[in-house]
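Visitor: Dumping the structure here so I can ask a few things about it.
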Amino acid sequence: MSVKHASVHAKWIIGRVIGTKMYKTAKVRVTRLVLDPYLLKYYNKRKTYFAHDALRQCTEGDIVLLKALPEARSKHVKHELAE
């Protein structure tokens, strides 16, 4: 018997759609500001997420809100589009 532990808290992320060529999947880039402790200067840190887009309604350049799924849909898709 196996027990699955799913996180209950929802993680919300805002990003920009950079690709929609995969079926029902959007490629979203999230940019964050990170402080360099030595220079005391902020730099942009980018990360790319794959999100499930069930209605295939987003296009490249859209600003979207991602919600973390309780369990991953596939190896890379771990979020879904909320707005």
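Note that the sequence shown covers residues 1291 to 1373 in our numbering.
Beta carbons: idealized from backbone N, C-alpha and C, even for Gly.
Would you decide whether G1351 is buried or exposed? Buried here means 16 or more other CB atoms lie within 10 Å of its CB.
Guide: Exposed is the call here.
Visitor: Which of the three DSSP states, helix, strand or coil, is assigned to A1296?
Guide: Bear in mind that the predicted position of A1296 carries a pLDDT of just 49, short of 50, making it unreliable; the figure below should be weighed with that in mind. Coil at A1296, not helix or strand.
Visitor: Rounded to whole angstroms, what is the Cα-Cα separation between K1335 and V1320?
Guide: When rounded, the distance between both Cα atoms is 8 Å.
Visitor: Decide if V1307 is buried, meaning its Cβ has at least 16 other Cβ atoms within 10 Å, or exposed.
Guide: It is buried - the Cβ of V1307 has at least 16 other Cβ atoms within 10 Å.
Visitor: Between C1348 and Y1332, what straight-line distance do the alpha-carbon atoms span, to the nearest angstrom?
Guide: Near 30 Å, if we compare the C-alpha coordinates of Y1332 and C1348.
Visitor: For the beta strand (DSSP E) that contains A1372, what are its first and last residues?
Guide: Note, A1372: premise wrong, no beta strand (DSSP E); not H, not E.
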